[in-house]
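Chain order of the listed sequences is E and G. For what it's worth, the working numbering labels the leading residue of the first sequence as -11, then goes sequentially. For what it's worth, the working numbering labels the leading residue of the second sequence as -11, then goes sequentially. Glycine included, every Cβ here is placed at the ideal spot set by N, Cα and C. Beneath this line is the structure, given in structure tokens, with notes to follow.
Protein chains: 2
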Amino acid sequence: MKNINLAFLGLGTVGGGTYEILKMNKDLIEKRTNCSFTVTKVLEMNQDRIKSLGLDPALQVTDPALIYESDDVDIVIEALGGIDFPAEIMEKSLLNGKHVVTPNKAAVAANFDKLKEAARKGNAQFRFEASVGGGIPALTAIQEALAGNQFTQVMGIVNGTTNYILTKMGDEGWSYEEALKDAQAKGFAEQDPTSDVEGIDASNKLSILMALCFDTYVAPDDIPREGITRVSMDDIKDAQAKNGKIKLIALASKMDGKLEYSVKPTFISNDHPLSGVSNEFNAIYITGNAVDELMFYGKGAGALPTGSAVVGDILAIAKNI
Amino acid sequence: MKNINLAFLGLGTVGGGTYEILKMNKDLIEKRTNCSFTVTKVLEMNQDRIKSLGLDPALQVTDPALIYESDDVDIVIEALGGIDFPAEIMEKSLLNGKHVVTPNKAAVAANFDKLKEAARKGNAQFRFEASVGGGIPALTAIQEALAGNQFTQVMGIVNGTTNYILTKMGDEGWSYEEALKDAQAKGFAEQDPTSDVEGIDASNKLSILMALCFDTYVAPDDIPREGITRVSMDDIKDAQAKNGKIKLIALASKMDGKLEYSVKPTFISNDHPLSGVSNEFNAIYITGNAVDELMFYGKGAGALPTGSAVVGDILAIAKNI
Chain E
-11 MKNINLAFLG LGTVGGGTYE ILKMNKDLIE KRTNCSFTVT KVLEMNQDRI KSLGLDPALQ
49 VTDPALIYES DDVDIVIEAL GGIDFPAEIM EKSLLNGKHV VTPNKAAVAA NFDKLKEAAR
109 KGNAQFRFEA SVGGGIPALT AIQEALAGNQ FTQVMGIVNG TTNYILTKMG DEGWSYEEAL
169 KDAQAKGFAE QDPTSDVEGI DASNKLSILM ALCFDTYVAP DDIPREGITR VSMDDIKDAQ
229 AKNGKIKLIA LASKMDGKLE YSVKPTFISN DHPLSGVSNE FNAIYITGNA VDELMFYGKG
289 AGALPTGSAV VGDILAIAKN I
Chain G
-11 MKNINLAFLG LGTVGGGTYE ILKMNKDLIE KRTNCSFTVT KVLEMNQDRI KSLGLDPALQ
49 VTDPALIYES DDVDIVIEAL GGIDFPAEIM EKSLLNGKHV VTPNKAAVAA NFDKLKEAAR
109 KGNAQFRFEA SVGGGIPALT AIQEALAGNQ FTQVMGIVNG TTNYILTKMG DEGWSYEEAL
169 KDAQAKGFAE QDPTSDVEGI DASNKLSILM ALCFDTYVAP DDIPREGITR VSMDDIKDAQ
229 AKNGKIKLIA LASKMDGKLE YSVKPTFISN DHPLSGVSNE FNAIYITGNA VDELMFYGKG
289 AGALPTGSAV VGDILAIAKN I
């Protein structure tokens, strides 16, 4: 059995969830991949968190160079959050030939070309399935099983917080403020919900989807964007009267060579598959010139669902090491 | 650029669709994979079909040994239909080190262990994404991006013909006979619809899903099965009165180590994601202990959608050659 050494940057929700899955499904993963996985380094300030996950506190490092320059690290799992600092560590890791897996959409979207180039130069694999749609394995499918398609459109409900709020406004008649408070109480929304409700998070994900589907990088800030803060109960009732719903849709389509893209509240008819995507669920709806319409649906957030995608990337890399 | 030699066994709907995609998206596929693809052999009785696809009639062979023993074939695409004959050719191809791709669920389900073993012995890749759910890339996801999960349940609407009939009975109030006739007129149902309406096709697909999700092979004939011929308009109206629909569901679940499975008409509540899967569409709904609930939705049949999955398998193999 091949042993693969892992370094975790951050053991918060997703980093911790990833480690939990590797522990919980250890036997099955070893049997399926013929690989075992050893954590050799952890960059995580919170010693209690390291211990509570059952990891040896002696694995803790505070200097990231001890990870990206280490001979004992095959795969770096970046789950710190933020943009510049994690991007810098990922770039250095890749240039040093370390494979990198990350769920960090903001860092990937802001640095897409740079990180892909670092992977090429370092002859390392760079995977970020968890960065869009959490556990939904859409990015891998777009790049692999669907690689024979010319894509014409990608549409996504890629932010669980806003989908939860819009669902509750529509189904329960709650006001935006009530729904947001409930989402915060349930842990679906952060205390400062700006990135979600203003569509910033969805723009990051659309930037990544466009890079993969259309081989075209558009910076998240260059995507026309409208969040959900101005969606009124009247808008929602109007949509219902027309047999539909308002959803925050990240959309990119390519017609006659011209790429159009936006993130904005959009009317979705009740007979469209995306209309059934409720609460905190996410979905990616994609159209290719061979496969026609396809939808991937699942949990876009959470420790284990997102960790599932990170683990999938780790196993894909392990297979090729 | 690496050149990969392909042999087609059968150029009917799926074989022809596969070739059409390779032609239609040639530039994009070459750019994405850095591989070019050349058809070197074709086993297809219909010369006109070969010509109408733009292939050289001189590629035609009638003896399959000229394919599986050829030095000019890297990947065999088996799209003949049937069970024993294609299974024998696939086995011999794999044993001879040829990679094999097939959409043939009946042949795969009836010979799963034998074909996997032949692939192992011949050190060849054996892929069959198109055998379940047509263009939907669920099998690859189950084996790769979701490989970190212990699966607890898989539920599928995996037969487009029966889903079309049940949809029309429910939405339009058509009788079973009317809906079947319409499906036949539209090309969704064969003139002898037995395999579809009696759940045989769905059993083949469930056998494959179980082998992948639960590492357990159950022969299609050993799956308890009930088709849709006894679903009455009363059953459908009862379901509607209870806010649901009747769907032909292929289900396998594993609880406390015990695997249970069946193909049968099943009540699906309108708030379940599978309830929105209408007409000829298919969906695979899967539950894993990390990713939680996930659904893949798309076209389960047709030349280009199914060909999309075959091409995905060809490209995946090409990457590893």
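Quick test of the definition: if touching needs 3 or more C-beta pairs under 8 angstroms, does the region -9 to -2 of chain G touch the region 16 to 30 of chain G?
yes
Measure how close the beta-carbons of ILE153 (chain G) and LEU168 (chain G) come, nearest whole angstrom, since I'm counting them as under 8 angstroms.
By 1-based counting over the second sequence, the position of residue 153 (chain G) is 165. By 1-based counting over the second sequence, the position of residue 168 (chain G) is 180. The Cβ separation is near 6 angstroms, so the contact holds.
Please tell me whether LEU194 (chain E) and ILE211 (chain E) are closer than 9 angstroms, where the distance is taken between their beta carbons.
In the first sequence, residue 194 (chain E) corresponds to position 206, counting from 1. In the first sequence, residue 211 (chain E) corresponds to position 223, counting from 1. The answer is yes: Cβ separation under 9 angstroms.
For ALA46 (chain E), which option in E:GLN35, E:PRO52 and E:ALA53 has the closest C-alpha, if you only look at C-alpha atoms?
The residue given as residue 46 (chain E) occupies position 58 in the first sequence. Closest option to ALA46 (chain E), Cα to Cα, is E:GLN35.
At a CB-CB cut-off below 8 angstroms, which residues of chain E make contact with ILE305 (chain G)?
Translated into positions along the second sequence, residue 305 (chain G) becomes position 317. Correct list: empty, because the minimum Cβ distance to chain E is about 11 angstroms.
Below 7 angstroms between beta carbons is the criterion; list the residues of the region 167 to 189 of chain E that meet it against any residue of chain G, in chain order.
Within the region 167 to 189 of chain E, no residue qualifies.
Alpha carbon to alpha carbon, how far is LEU143 (chain E) from PHE100 (chain E)?
Start at 1 with the first residue of the first sequence, and residue 143 (chain E) comes out as number 155. Start at 1 with the first residue of the first sequence, and residue 100 (chain E) comes out as number 112. In the sequence as presented, Leu is not what sits at residue 143 (chain E); that position holds Met. Each residue's alpha carbon lies about 20 angstroms from the other.
Kindly list the residues whose CB is nearer than 6 angstroms to the CB of GLY288 (chain E), restricted to its own chain and excluding five residues on each side of it in sequence; keep chain order.
Here residue 288 (chain E) refers to the residue found at position 300 when the first sequence is read from its first residue. Contacts found: GLY121, GLY122, GLY148 and ASN270.
Rounded to whole angstroms, what's the CA-CA distance from GLN228 (chain G) to ILE256 (chain G)? Just pull it up for me.
In the second sequence, counting from the first residue as 1, residue 228 (chain G) sits at position 240. In the second sequence, counting from the first residue as 1, residue 256 (chain G) sits at position 268. If you draw a straight line from the Cα of GLN228 (chain G) to the Cα of ILE256 (chain G), it is about 10 angstroms long.
Run down chain G in chain order and give the residues with a C-beta less than 7 angstroms from the C-beta of PRO261 (chain E).
What you label residue 261 (chain E) is simply residue 273 of the first sequence in a count that begins at 1. Going along chain G in sequence order, the residues near PRO261 (chain E) (Cβ under 7 angstroms) are GLY264 and TYR285.
Determine the DSSP secondary structure at PRO74 (chain G), reduced to helix, strand or coil.
Counted from its first residue, the second sequence places residue 74 (chain G) at position 86. Per DSSP, reduced to three states, the secondary structure at PRO74 (chain G) is helical.
Own chain residues within Cβ distance below 8 angstroms of THR26 (chain G), not counting five before or after
Here residue 26 (chain G) refers to the residue found at position 38 of the second sequence. The answer, listed in chain order, is ASN(-9), ILE(-8), ASN(-7) and LEU(-6).
Three-state class that DSSP yields for SER296 (chain G) in the structure shown
Numbered from 1 along the second sequence, position 308 holds the residue referred to as residue 296 (chain G). Three-state result, SER296 (chain G): helix.
Beta-carbon within less than 6 angstroms of ASN22 (chain G)'s beta-carbon, same chain only, minus the 5 sequence neighbours each way: which residues are those?
The count along the second sequence starts at 1 and reaches residue 22 (chain G) at position 34. So the qualifying residues of the chain are MET(-11).
Interface flag, PRO293 (chain G) vs chain E, CB-CB below 9 angstroms:
On the second sequence, residue 293 (chain G) is found 305 positions in, with the first residue counted as 1. Chain E, which has a Cβ nearer than 9 angstroms to the Cβ of PRO293 (chain G), makes this yes.
Run down chain E in chain order and give the residues with a C-beta less than 8 angstroms from the C-beta of MET244 (chain G).
The sequence position of residue 244 (chain G) within the second sequence is 256, counting from 1. Per the sequence shown, the amino acid found at residue 244 (chain G) is Asp instead of Met. Within chain E, no residue comes near ASP244 (chain G); the closest Cβ sits about 16 angstroms away, beyond 8 angstroms.
Across the region 98 to 118 of chain G and the region 70 to 90 of chain G, are there enough close Cβ pairs to call them in contact, namely three or more that are closer than 8 angstroms?
Counting C-beta pairs closer than 8 angstroms gives three or more between the region 98 to 118 of chain G and the region 70 to 90 of chain G, which meets the contact rule.
Beta-carbon of GLN113 (chain G) versus every beta-carbon of chain E: anything under 9 angstroms?
Locating residue 113 (chain G) in the second sequence gives position 125, where the first residue counts as 1. No, because no Cβ of chain E sits closer than 9 angstroms to the Cβ of GLN113 (chain G).
Using a Cβ-Cβ cutoff of less than 6 angstroms, which residues in the same chain neighbour ALA199 (chain G) once the five nearest sequence positions on both sides are dropped?
Translated into positions along the second sequence, residue 199 (chain G) becomes position 211. Around ALA199 (chain G): PHE100 and TYR205.
Would you call the region 151 to 165 of chain G and the region 264 to 278 of chain G in contact, with 3 or more CB pairs under 8 angstroms?
yes
Below 8 angstroms, can you find three or more Cβ-Cβ pairs linking the region 291 to 301 of chain G to the region 0 to 20 of chain G?
yes
For ILE272 (chain E) and SER119 (chain E), what's the separation of their Cα atoms in angstroms?
Position 284 of the first sequence holds residue 272 (chain E). Position 131 of the first sequence holds residue 119 (chain E). Answer to the nearest angstrom: the Cα atoms are 13 angstroms apart.
Cβ-Cβ separation, GLU132 (chain G) to ALA304 (chain E) (assumed contact under 8 angstroms), whole Å
As a first step, residue 304 (chain E) is located in the first sequence; it is residue number 316 there, counting from the start. As a first step, residue 132 (chain G) is located in the second sequence; it is residue number 144 there, counting from the start. Indeed, because the Cβ distance is near 6 angstroms, the residues count as touching under 8 angstroms.
Give the DSSP bridge partners of GLU160 (chain E), in chain order.
If you number the first sequence from 1, residue 160 (chain E) lands on position 172. GLU160 (chain E) pairs with nothing; no bridge assigned.
Spatial distance of TYR164 (chain E) from SER220 (chain E) (CA atoms)
Residue numbering aside, residue 164 (chain E) sits at position 176 when the first sequence is read from its first letter. Residue numbering aside, residue 220 (chain E) sits at position 232 when the first sequence is read from its first letter. Straight-line Cα distance between these residues: approximately 8 angstroms.
So that I know if they touch, is there some Cβ in chain E lying closer than 9 angstroms to that of GLN35 (chain G)?
Position 47 of the second sequence holds residue 35 (chain G). Using beta-carbon distances, GLN35 (chain G) does not count as an interface residue toward chain E, since no partner is under 9 angstroms.
Taking the C-alpha atoms as reference points, what is the distance between ASP180 (chain E) and GLY3 (chain E)?
Taking the first residue of the first sequence as 1, we reach residue 180 (chain E) at position 192. Taking the first residue of the first sequence as 1, we reach residue 3 (chain E) at position 15. Computed Cα separation, rounded: 22 angstroms.
So, is the C-beta of GLU281 (chain E) closer than 9 angstroms to a C-beta in chain G?
Here residue 281 (chain E) is taken as the residue at index 293 of the first sequence, counted from 1. Output row for GLU281 (chain E): interface = yes.
Consider the Cβ of MET157 (chain E): report whether some Cβ of chain G lies at a distance smaller than 9 angstroms.
Mapped onto the first sequence, residue 157 (chain E) falls at position 169. With 9 angstroms as the cut-off, MET157 (chain E) does not count as an interface residue toward chain G.
Secondary structure at LEU41 (chain E), three-state DSSP: helix, strand or coil?
Reading the first sequence from its first residue, position 53 is the one you call residue 41 (chain E). Correct three-state label for LEU41 (chain E): coil.
Where are the alpha helix (DSSP H) runs, 4 residues long or more, that stay fully inside the region 216 to 298 of chain E, in chain order?
221 to 229
Quick check on LEU197 (chain E): buried or exposed, where buried means 16 or more other Cβ atoms within 10 Å of its Cβ?
In the first sequence, counting from the first residue as 1, residue 197 (chain E) sits at position 209. With 16 or more Cβ atoms within 10 Å of its Cβ, LEU197 (chain E) is classed as buried.
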